[in-house]
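Worksheet: the structure to be examined is printed underneath.
Protein chains: 2
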Amino acid sequence: METLIDRAAAYFQDLQDRIVDGLTRLDGTPFRQDTWVRPGGGGGRTRVLSDGSVFEKAGVNFSDVVGEFRPEMAAALPGQGTRFRATGISLVLHPRSPHVPTVHANFRRLERETLGWFGGGADLTPYYLQRDDARHFHQTFKTACDRHDSILFPRFKAWCDDYFFLPHRGESRGIGGVFFDYLGAGAEAAAGRPAAPQSPIEHDPERTFDFVRALGDVFLDAYLPIVERRMAAPWTDLERRWQLLRRGRYVEFNLLYDRGTVFGLRTDGRVESILMSLPTEARWEYDHHPDAGSPEETMLKALRTGSDWAGS
Amino acid sequence: METLIDRAAAYFQDLQDRIVDGLTRLDGTPFRQDTWVRPGGGGGRTRVLSDGSVFEKAGVNFSDVVGEFRPEMAAALPGQGTRFRATGISLVLHPRSPHVPTVHANFRRLERETLGWFGGGADLTPYYLQRDDARHFHQTFKTACDRHDSILFPRFKAWCDDYFFLPHRGESRGIGGVFFDYLGAGAEAAAGRPAAPQSPIEHDPERTFDFVRALGDVFLDAYLPIVERRMAAPWTDLERRWQLLRRGRYVEFNLLYDRGTVFGLRTDGRVESILMSLPTEARWEYDHHPDAGSPEETMLKALRTGSDWAGS
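These protein sequence lines map, in sequence, to chains A and B. The opening residue of the first sequence carries number 980 in the numbering used here; numbering runs sequentially from there. The opening residue of the second sequence carries number 980 in the numbering used here; numbering runs sequentially from there.
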């Protein structure tokens, strides 16, 4: 009989196909595909589009790996035992146009000897603030969450805001979306967050899996309409430079704070698949500040204050 | 009476002036200067040159700060007490030309309640391997070290190779130079390295300070002749692209592994001064490999194997 994690792996791989198909139809450029085997066990399939018409770099990675945690990793996670299996889909799409947001999504299941859980989420990183884009992205995930339990979206929206934050900058990476981890294994408590009322779905792995699938299934609906309505707009050198400066912040977050990146590098993951999240180009200018009243400043202020985007 | 750390701070600040003067003479572009006060105590003077004729970005920072360690920081360092004072000079110079190496140097003294020590070093990151440049850089520091004790250079050269290494890539950041820490406080032992025979200079803070000054004083001699003999050579788009890909690795090292960056961010240091080490532009291409037999591949092989550059 197929176990839950086998079915999760099959779902994530199928979702990779569907997302890559949707992006290829939009961009017109084929994805390169690399299947790889992890020396410690398992493997994956990395699909990357470089220098497309819409996407400067788009990576959609599926992996299903087994292995032994290093001791510090074993100690940092709930449950017991050093053997693990982890499967998931992880994607980062960096468009060419500064008017089209970068997006990240990740859905995964991790099992160690005594405990297994789902984690994941999706979050949007625009370079210029468009409230209708923000509302559409958040509303799409809110609707998917609400079908399962109305307590989920506000919790996972707040968790996303907490997680994708650069403390040294006092800025969010983007305008958020949803994020959750350890679902089925104590959720917030395991992540060191204040415990929140839990949903009954979290105590039933099948219902949790249904919920994760619901989010994965709406990913393209949440993102593609935004791309389609912004991709034709021309941009200036100043707008491109601002995009590259913000991509510098994206790099800072991923290398300084992102748990997925650290998990991958500490479990001897495939480096090129882990770091495909980094943009083709990024920029750092000493002590850069956008002009007062500029659209760049409006974006930055939004990243410093946050908002209830679904209701905005 | 002036304490040792007061005198060290005065030396580091004067060295900043001398280095900035030497670089300004070469580049022709003035440095911007920002003096800043740290809310927790002390402050610094950051000097940055952007978009110069020779340097794309050059940052030379002096700081002298006092504060309270956070508990995890206090536990990770030798000695006792949460109060500290740290003073030093830190510089990273990113030239425009891919034929001119990036260089980093840092000299510093840190004192906590029961113990104080010097740390620092200088290391070179070329984009194309030039054995005579590597030899000149290493030889200059070897000569300065050997005047104090001939056991110092081989130890600090090896420590530099260990430190500036990206385990996830299996590559060094550059071709090294010298690196040391906790000098006067147990040196290697405090850094979790195998204990090596110590030099008598390490048990005499005045002689240690003499040694640190000797390295600081030869920095321009080690680097400027390399710049002068490479800066006029033209470069191609391919060479620029390779430089930007290697700058991506520089960013990876600084954000994933560099202890100075982590120390700065965890002690609420001035973010723009800490991250001025990042290049103006960096690039990541999925699964990039230089062509077989190309100069780019020669460089990469050298970063994977290392060498006794001073004797090469």
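Note that beta-carbon positions come from the ideal geometry of N, C-alpha and C, so glycine has one too.
First and last residue of the uninterrupted alpha helix (DSSP H) at residue i
i, result
"H1117 of chain A", "R1110 to D1125"
"A1201 of chain A", "P1184 to R1209"
"W1263 of chain B", "Run containing W1263 of chain B: none; DSSP gives neither H nor E here."
"G1227 of chain B", "D1216 to L1235"
"L1162 of chain A", "Per DSSP, L1162 of chain A belongs to no alpha helix (DSSP H); it is in the beta strand (DSSP E), G1155 to L1162."
"L1244 of chain B", "R1238 to R1245"
"A1055 of chain B", "P1050 to A1055"
Chain A within 8 Å of residue i, Cβ atoms only
i, result
"H1147 of chain B", "yes"
"Y1142 of chain B", "no"
"G1022 of chain B", "no"
"E1035 of chain B", "no"
"V999 of chain B", "no"
"E1251 of chain B", "yes"
"E1231 of chain B", "yes"
"L1254 of chain B", "yes"
Min CB distance residue i to chain B below 8 Å
i, result
"P1080 of chain A", "no"
"L1257 of chain A", "yes"
"A949 of chain A", "Outside the displayed span of chain A (980 to 1291) sits residue 949 of chain A, for which this structure offers no information."
"S1129 of chain A", "no"
"D1270 of chain A", "no"
"G1038 of chain A", "yes"
"D950 of chain A", "Limits of chain A in this structure are 980 at one end and 1291 at the other, which puts residue 950 of chain A out of reach."
"L1244 of chain A", "yes"
"L1235 of chain A", "yes"
"V1157 of chain A", "no"
"S1076 of chain A", "no"
"S1029 of chain A", "yes"
"L1002 of chain A", "no"
"L1224 of chain A", "no"
Start-to-end residues for the beta strand (DSSP E) that takes in residue i
i, result
"R1087 of chain A", "T1081 to R1091"
"V926 of chain B", "This structure gives no information on residue 926 of chain B, because the portion of chain B shown stretches from 980 to 1291."
"L1282 of chain A", "First-last for L1282 of chain A: P1274 to T1284, but that is the alpha helix (DSSP H), not the beta strand (DSSP E)."
DSSP beta-bridge partners of residue i
i, result
"L1070 of chain B", "B:V1039 and B:A1084"
"S951 of chain B", "Here chain B comprises residues numbered 980 to 1291, so residue 951 of chain B is not present and cannot be evaluated."
"G1104 of chain B", "In the sequence as presented, Gly is not what sits at residue 1104 of chain B; that position holds Thr. BP columns for T1104 of chain B point to B:T1081."
"T1014 of chain A", "A:R1024"
"L1138 of chain A", "Strictly speaking, residue 1138 of chain A in this sequence is Trp, with Leu absent from that position. DSSP output for W1138 of chain A lists no bridge partner at all."
"E1047 of chain B", "B:R1062"
"E1150 of chain A", "A:L1145"
Under the three-state DSSP convention, the category residue i falls into
i, result
"T1003 of chain B", "helix"
"Q992 of chain B", "helix"
"F1132 of chain B", "helix"
"G1022 of chain A", "strand"
"R1075 of chain A", "coil"
"F1144 of chain A", "strand"
"A1065 of chain B", "strand"
"G1171 of chain B", "coil"
"E981 of chain A", "coil"
"G1099 of chain B", "strand"
"P1213 of chain B", "coil"
"R997 of chain A", "helix"
"R986 of chain A", "helix"
"G1290 of chain B", "helix"
"P1176 of chain A", "coil"
Supposed close pair residue i, residue j - CB separation, criterion 8 Å
i, j, result
"P1074 of chain B", "E1218 of chain B", "Going by Cβ atoms, the distance from P1074 of chain B to E1218 of chain B rounds to 12 Å, so no, they are not a contact pair."
"F1097 of chain A", "F1188 of chain A", "7 Å"
"P1176 of chain B", "I1205 of chain B", "About 32 Å separates the two Cβ atoms, so there is no contact after all."
"M1278 of chain A", "L1108 of chain A", "5 Å"
"W1263 of chain A", "T1259 of chain B", "6 Å"
"G1001 of chain B", "L1203 of chain B", "6 Å"
"R1026 of chain B", "Q1059 of chain B", "Not quite, the Cβ-Cβ distance comes to about 35 Å (not below 8 Å), so this is no contact."
"S1069 of chain A", "G1248 of chain A", "That belief does not hold up - the Cβ atoms of S1069 of chain A and G1248 of chain A are roughly 11 Å apart, past 8 Å."
"R1064 of chain B", "I984 of chain B", "6 Å"
"D1102 of chain A", "F1144 of chain A", "Their Cβ separation, rounded to whole angstroms, is 11 Å, which puts D1102 of chain A and F1144 of chain A out of contact at 8 Å."
Distance cut-off 7 Å: residue i Cβ against heavy atoms of the ligand MN
i, result
"T1284 of chain B", "This structure does not include the ligand MN; it has no bound ligands of any sort."
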